[in-house]
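Here is the structure we will look at.
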Amino acid sequence: MLKELIDQFYLENQKNKDQTKFYITDAGKCPRSVFFKFKNAPREPMDARILRIFERGENIHRSIFNILYRLRLGVVTEIPIPSQEIISGRADAILCVGNENYVLDIKSINSMIFRNMSAPKEENVYQIQLYLHFFNIKKGILLYIDKDQQEMKEFFIDYDEALCKSLMDKFNALKDQVEKNILPARLADYPRNWQCNYCPFKDVCKMENGEEYKKQTEPQKP
Ligand code: SF4
Numbered sequence: 289m290l291k292e293l294i295d296q297f298y299l300e301n302q303k304n305k306d307q308t309k310f311y312i313t314d315a316g317k318c319p320r321s322v323f324f325k326f327k328n329a330p331r332e333p334m335d336a337r338i339l340r341i342f343e344r345g346e347n348i349h350r351s352i353f354n355i356l357y358r359l360r361l362g363v364v365t366e367i368p369i370p371s372q373e374i375i376s377g378r379a380d381a382i383l384c385v386g387n388e389n390y391v392l393d394i395k396s397i398n399s400m401i402f403r404n405m406s407a408p409k410e411e412n413v414y415q416i417q418l419y420l421h422f423f424n425i426k427k428g429i430l431l432y433i434d435k436d437q438q439e440m441k442e443f444f445i446d447y448d449e450a451l452c453k454s455l456m457d458k459f460n461a462l463k464d465q466v467e468k469n470i471l472p473a474r475l476a477d478y479p480r481n482w483q484c485n486y487c488p489f490k491d492v493c494k495m496e497n498g499e500e501y502k503k504q505t506e507p508q509k510p
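Residue numbering for the sequence shown follows this note's numbering, beginning at 289 and increasing consecutively.
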């Protein structure tokens, strides 16, 4: 009884906003799934358990912010990138250590991935590179937290102008496809790519075979 009520609470309180801009977190994601998000294509319903996992991640972020403030590292947190036409996002924090400014991006991950991690995830590097780009800051820190064991690993990232240009070019190309209703191709290793396993648009992805997106726009289901 209680379990069902709690699940229902999470499902009823999730934020389902129409997407009008790219998010920085879309960098590195399958362009076809981002396209479906823009088109409000039918998606698999969200699981309340996943929403609780997201919430736990947010709580871990808040605890780290609290420590950073107490360390007096000149911290500002949850800072939106300067407004522009195509992309929006919010960096976890900007801090100052040894007279150097850093963008901080915090990621909470499970123990198994954490244990085997010797380099930052590619998509996380893309995201922090874009924060560096929009804030005009040259250095970033990706801080990974093992949410089961509370261990931490940090990786220092230097701004890479060429990478940011290629990421922005990809966003601009996808914007063009969204506007012209041209469906991006499936990932080259579809359906084995790990993103396909977790993709809420699996069904519509499988059904849509042409270049032009033909599905009727339907509201997202909770
Ligand atoms: S199923 Fe795979 S290829 Fe299709 S939209 Fe999702 S992530 Fe992309």
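Quick reminder that beta carbons are idealized off the backbone N, C-alpha and C, glycines included.
Item	Value
Distance, K427 Cα to T313 Cα	19 angstroms
C-alpha gap between D306 and F324, whole angstroms	11 angstroms
For S454, three-class secondary structure by DSSP	helix
Sequence-distant residues of its chain with Cβ nearer than 8 angstroms to N347 (five each side left out)	none
Reduced DSSP secondary structure (H/G/I, E/B, other) of L359	coil
Inter-residue Cα distance where the pair is E500 and I445	39 angstroms
Rounded separation between G345 and Q437 - CA only	13 angstroms
Proximity test, C493 beta-carbon vs the ligand SF4 heavy atom, cut-off 6 angstroms	yes
From N481, Y432, E467, residue whose alpha carbon lies closest to that of I374	E467
Residue environment, I394, which counts as buried when at least 16 other CB atoms sit within 10 Å	buried
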